[in-house]
Amino acid sequence: MGSYYADKLNSQSLFQVYASDIPRVRQYLEAEIDFVRKNLRGDEAVLELAAGYGRIMKELAPHCKSIVGMDISEENVALNKEYLKDYPNASMVVMDVHAMDFDQVFDVILCLQNGLSAMGADSAVIHKTLSLLAPGGSAYFSSYSAKFWEWRLKWFEEQAEKGLLGEIDYDKTKDGVIICKDGFRATTHSPEALDEIGKNSGLSYKVMEIDESSVFLIISKG
Numbered sequence: 001m002g003s004y005y006a007d008k009l010n011s012q013s014l015f016q017v018y019a020s021d022i023p024r025v026r027q028y029l030e031a032e033i034d035f036v037r038k039n040l041r042g043d044e045a046v047l048e049l050a051a052g053y054g055r056i057m058k059e060l061a062p063h064c065k066s067i068v069g070m071d072i073s074e075e076n077v078a079l080n081k082e083y084l085k086d087y088p089n090a091s092m093v094v095m096d097v098h099a100m101d102f103d104q105v106f107d108v109i110l111c112l113q114n115g116l117s118a119m120g121a122d123s124a125v126i127h128k129t130l131s132l133l134a135p136g137g138s139a140y141f142s143s144y145s146a147k148f149w150e151w152r153l154k155w156f157e158e159q160a161e162k163g164l165l166g167e168i169d170y171d172k173t174k175d176g177v178i179i180c181k182d183g184f185r186a187t188t189h190s191p192e193a194l195d196e197i198g199k200n201s202g203l204s205y206k207v208m209e210i211d212e213s214s215v216f217l218i219i220s221k222g
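Start counting the sequence shown at 1; every next residue gets the next number (the UniProt record's numbering).
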């Protein structure tokens with residue numbers, strides 16, 4: 001999955017993904033950002049995993065002390081430098097989530113927009129992510145709500161019509177999994193799966209639904 005995003009859904013193609021003409025999809029995208037923004041005090045060091053070209057970073061940069069984004073695509077990071085040129089507290093690095101290496105800890109770590117599934121993150125990735133969390137900090141992981149399925153499918157149909165994805169295989173697309181005929185497979189994390197991740201972390205956590213769009217797992221380090 002990671003190579004698909006790096007090779008195909010990157011840079012200007014990724015920009016087109018989020019330039020959706022579907023109002024309900026735009027509402028979902030805005031609701032995720034708004035939820036995180038309302039939980040920021042303004043003095044945090046923030047890290048975003050799989051930050052793409054910086055869509056979320058741009059919205060949150062005015063509301064935190066600093067924000068670092070990482071993405072596997074060199075093209076995304078190159079676009080990010082222009083996209084966030086007016087935000088001196090925002091920076092971006094090329095990095096694979098499976099080989100993260102930072103010399104600092106962060107007050108807030110974000111893995112939004114179904115990031116765990118998109119990156120193919122396993123327990124080792126989650127453990128490494130939480131090790132980068134400062135005492136008192138929180139990590140936010142989000143996936144799609146089952147209530148958003150109809151609109152998610154419409155969004156992927158829109159992307160396929162734009163040529164950003166392969167044709168959707170409707171015979172195989174079901175139960176929260178979207179499969180395209182070019183091999184692309186988009187999964188999700190259910191509330192139960194997120195709850196299991198929270199339990200296995202050994203830290204304080206909660207799972208909550210936002211806007212009938214997203215399910216968030218928030219893990220806090222005391």
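Glycine included, C-beta positions come from ideal geometry on N, C-alpha and C.
For residue i, the residue or residues it bridges with in DSSP
{"i": "Asp-71", "result": "Val-94"}
{"i": "Tyr-144", "result": "Ser-214"}
{"i": "Ile-219", "result": "Ala-139, Tyr-205"}
Cα-Cα separation, residue i to residue j
{"i": "Asp-211", "j": "Tyr-28", "result": "7 Å"}
{"i": "Glu-74", "j": "Leu-14", "result": "13 Å"}
{"i": "Gly-202", "j": "Ala-50", "result": "24 Å"}
{"i": "Cys-180", "j": "Glu-161", "result": "12 Å"}
{"i": "Met-1", "j": "Ala-118", "result": "Below a pLDDT of 50, predicted positions are generally treated as unreliable, and Met-1, at 46, falls in that range; no measurement from the model is reported."}
{"i": "Glu-167", "j": "Ala-134", "result": "43 Å"}
{"i": "Tyr-170", "j": "Trp-155", "result": "14 Å"}
{"i": "Gly-136", "j": "Glu-44", "result": "11 Å"}
{"i": "Ala-139", "j": "Ser-20", "result": "27 Å"}
Supposed contact pair residue j and residue i - C-beta distance, whole angstroms, cut 8 Å
{"i": "Ser-142", "j": "Val-97", "result": "Wrong, their Cβ atoms sit about 15 Å apart, outside the cutoff."}
{"i": "Ile-218", "j": "Lys-199", "result": "Actually they are not in contact, since the Cβ atoms of Ile-218 and Lys-199 sit about 14 Å apart, beyond 8 Å."}
(message) As an exercise, report each continuous alpha helix (DSSP H) stretch of at least 4 residues that is fully enclosed by the stretch 159–212, in chain order.
(response) 191–201
(message) Check whether the stretch 175–192 and the stretch 114–129 are in contact - that is, three or more C-beta pairs closer than 8 Å.
(response) yes
(message) When you compare the stretch 58–68 with the stretch 22–40, are there three or more beta-carbon pairs, one atom per stretch, that lie closer than 8 Å?
(response) yes
(message) Does the stretch 71–88 come into contact with the stretch 140–149, if we say contact requires no fewer than three beta-carbon pairs (one atom in each stretch) closer than 8 Å?
(response) no
(message) Give the list of continuous alpha helix (DSSP H) stretches no shorter than 4 residues that lie fully inside the UniProt domain "Methyltransferase" (46–137).
(response) 55–60, 74–83, 115–119, 123–131
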